[in-house]
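Just so you know, the sequences run in chain order A and B. So the number in our numbering is just where the residue sits in the first sequence, counting from 1, plus 140. So the number in our numbering is just where the residue sits in the second sequence, counting from 1, plus 140.
2 protein chains.
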Amino acid sequence: MLSTTQRTTLGREKDRGSTDRNDLHEVLDTGLICHLGVIVNGHPMVVPTGYGRVGDTLYLHGSTGARSLRAADGAEVCVTVTHLDGVVLARSIFNHSVNYRSAIIYGRAALVTDPEERLIGLRALTEQLAPGQWDYARQPSRKELAATAVLALSLEEASVKIRRGAPKDEEEDYALPVWAGVLPLVTSWGEPEPDPVLPEGIDTPVHILGRE
Amino acid sequence: MLSTTQRTTLGREKDRGSTDRNDLHEVLDTGLICHLGVIVNGHPMVVPTGYGRVGDTLYLHGSTGARSLRAADGAEVCVTVTHLDGVVLARSIFNHSVNYRSAIIYGRAALVTDPEERLIGLRALTEQLAPGQWDYARQPSRKELAATAVLALSLEEASVKIRRGAPKDEEEDYALPVWAGVLPLVTSWGEPEPDPVLPEGIDTPVHILGRE
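Structure, rendered in C-alpha cells:
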C-alpha cells in the first residue's frame with residue numbers, strides 16, 4: 141500500500157488513483173527520466189534528470205556543481221515520472237484528456253556518502269537508462285566518483301495516477317456525429333547509431349541491439 | 141534572444157544552452173505535456189499537465205479545484221518541457237548521457253479572467269494536444285468554462301538546453317574495445333482506437349488519422 145498523507149491523497153479524479161505499491165514500482169521501472177522539483181531561493185525549479193530504484197529508495201545523481209542537486213540535499217523535493225500513452229479525443233472539448241501513468245514522490249532527499257551505497261545508486265541509475273551497460277562500459281574512476289553527487293529519496297510518500305481507455309463524455313454528447321477515441325502515443329527504440337569514430341570490428345552488443 | 145537572468149544562465153554544460161527564442165518555441169510547440177512546479181505549503185510539487193502557447197505567453201489549465209492550479213495563481217512557478225531523443229552510450233559509465241531538448245520557464249503565473257483570452261488560451265491548449273479538435277468537437281458550455289481555470293505565464297524568463305549527437309568520451313577511452321553511440325528514442329502515433337460505443341458511419345477525421 142502507498143501512503144495516504146494529505147499531499148498524496150487525490151482531491152479529484154479519485155478513480156485515477158492507485159494505492160498499489162506494485163503500480164508505483166512499474167511506473168518507475170519503465171521510465172527513463174524524472175522531473176525533479178526543488179526550491180531554489182524561494183522559487184520552484186523543475187529539472188529533467190535520470191534516476192534509479194533499489195527497493196523503496198530512489199536514487200538521483202548529478203554533477204556536484206549542479207544547482208538543483210545542491211538545493212535538493214537535505215531539502216523537501218518532489219520527483220515526478222510520467223508516461224504519456226495517448227491523447228483522448230472526446231466528443232466535447234471539455235472532456236479531452238490524455239492516457240498516462242504517473243508517479244509523484246515527496247520527501248526529503250539526502251546526499252549518499254557511504255561509498256558502497258553510492259555505487260549501488262549509480263549502478264541503478266545507469267541500468268535504468270541503459271540496462272547492461274554497468275558491466276559493459278568502463279567503471280567510474282575515483283576522480284569521476286568524486287565529481288558525482290548521489291542523492292537518495294525514500295519512496296515512502298508517493299501517489300500514482302493512471303488513466304486508460306476511451307473518452308468519458310457527457311450523456312447527451314454520445315448522440316453527436318463526432319468521432320471519439322484514443323490516439324495512442326508509441327515510444328520505441330530506433331536503430332543504434334554508432335559513434336562516427338568507432339573503430340571497425342566492434343559489434344553492437346546484444347543488450348543494446350535487442351533492447352525492448 | 142532569451143533572458144539571461146541568474147536562474148536561466150547555465151552554470152554548467154554551457155555548450156548545451158541555447159539563447160535562441162526560436163529554439164524555445166520549437167521545444168514548446170512540439171511537446172504535448174509540461175511538468176508544472178509550484179510550492180504548496182512550503183514544499184515543491186511537480187505535476188504533469190497540458191499547455192498551449194500563443195506568442196510569448198504559455199497557457200495552462202485545469203479544474204478550478206486542482207491544488208496545483210490554485211497554488212500557481214499569482215505565485216512563482218516553473219514549467220519544464222522535455223523531449224527525450226535518445227540514450228547516449230559512452231565508453232565509460234561516467235560519460236553516459238541522454239540526447240534531449242528541454243525548456244525551463246520561470247515566472248509568476250496569473251489566472252486569466254478576460255473571457256476572450258480564456259478562450260484563446262483554451263483553444264491553444266486543445267490544439268497543442270489535439271490539432272484540429274477545437275473546430276471539430278463540441279465547444280465548451282458556459283458551465284464547463286466556469287469549472288475551468290486558465291493560467292497565463294510569460295515566456296520572458298526561460299532557458300533552453302539541447303544535447304544532440306555522439307558520446308563525448310575521455311581521450312584515453314577512445315582506444316577501448318567498447319561499443320559507443322546513440323540509441324535513439326522514437327515517439328510516434330499509433331492507429332486511432334475508436335471509442336467502443338462509437339456509432340457506425342462516423343469516419344476518423346483526417347486531422348486525427350494523418351497526424352504527424
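We put the beta carbon where it would ideally sit given N, CA and C, even for glycine.
Run of the beta strand (DSSP E) containing residue i, from where it starts to where it stops
i: B:Y246; result: S237 to R248
i: A:L176; result: C174 to V180
i: B:P188; result: H183 to G190
Span of the alpha helix (DSSP H), counted from its first residue to its last, around residue i
i: B:P255; result: P255 to L269
i: A:L285; result: R282 to A286
i: B:V167; result: R161 to D169
Residue i - DSSP class collapsed to helix/strand/coil
i: A:V318; result: coil
i: B:K301; result: strand
i: B:V219; result: strand
i: B:R152; result: coil
i: B:A206; result: coil
i: A:R351; result: coil
i: A:E310; result: coil
i: B:Q146; result: helix
i: A:Q273; result: coil
Where residue i meets chain A, residues with beta-carbon distance less than 8 Å
i: B:T220; result: H175, V186, V187 and P188
i: B:I302; result: Those do not exist, as B:I302 stays about 12 Å from chain A at its closest Cβ, beyond 8 Å.
i: B:V178; result: P184
i: B:G151; result: G205, A206 and R207
i: B:A166; result: Position check: residue 166 of chain B holds Glu in this sequence, whereas Ala was assumed. Residues of chain A passing the Cβ test: none, with the nearest at roughly 17 Å.
i: B:V217; result: P184
Contact list for residue i against chain B, beta-carbon separation under 7 Å
i: A:P317; result: I342
i: A:L172; result: L224
i: A:R351; result: L323
Chain B residues whose Cβ lies nearer than 8 Å to that of residue i
i: A:L260; result: According to the sequence displayed, residue 260 of chain A carries Ile and not Leu. In chain order: nothing, as chain B lies at least about 13 Å away.
i: A:V337; result: A306 and Y314
Residues that DSSP places opposite residue i in a beta bridge
i: B:S294; result: B:T197
i: A:R278; result: B:S232
i: B:E333; result: A:V322
i: B:L251; result: B:L291
i: B:G226; result: B:N239 and B:P324
i: A:S158; result: A:V300
Chain-ordered neighbours of residue i on chain B, where CB pairs are closer than 9 Å
i: A:P334; result: A306, W319, A320, G321 and V322
i: A:E257; result: The premise fails here: A:E257 is roughly 16 Å from chain B at the closest Cβ pair, so nothing lies under 9 Å.
Within chain A, the residues that residue i reaches when beta carbons sit closer than 7 Å
i: B:E354; result: This structure cannot settle anything about residue 354 of chain B, because the visible part of chain B is limited to 141 through 352.
i: B:T284; result: Sequence inspection shows Glu at residue 284 of chain B; the Thr mentioned does not correspond to that position. Going along chain A in sequence order, the residues near B:E284 (Cβ under 7 Å) are F234.
Residue i at chain D interface by Cβ criterion, 9 Å
i: A:N181; result: Protein chains in the displayed structure are A and B, and chain D is not among them.
Heavy atom of the ligand SAM within 8 Å of residue i beta-carbon
i: B:N162; result: The ligand SAM is absent from the structure shown, which contains no ligand whatsoever.
Near-chain A residues of the region 320-331 of chain B - C-beta to any C-beta below 8 Å
A320, G321, V322, L323, P324, L325, V326, T327, S328, W329, G330 and E331
Which residues, in chain order, does the region 225-251 of chain B contribute to contact with chain A at a C-beta distance below 8 Å?
G226, V227, L229, A230, R231, S232, I233, F234, H236, V238, Y240, S242, I244 and Y246
So if I threshold CB-CB distances at 8 Å, which residues from the region 188-208 of chain B count as touching chain A?
P188, G190, S203, G205, A206 and R207
Interface positions of the region 266-281 of chain B facing chain A (Cβ-Cβ less than 9 Å), listed along the chain
T266, L269, A270, Q273, W274, Y276, A277, R278, Q279, P280 and S281
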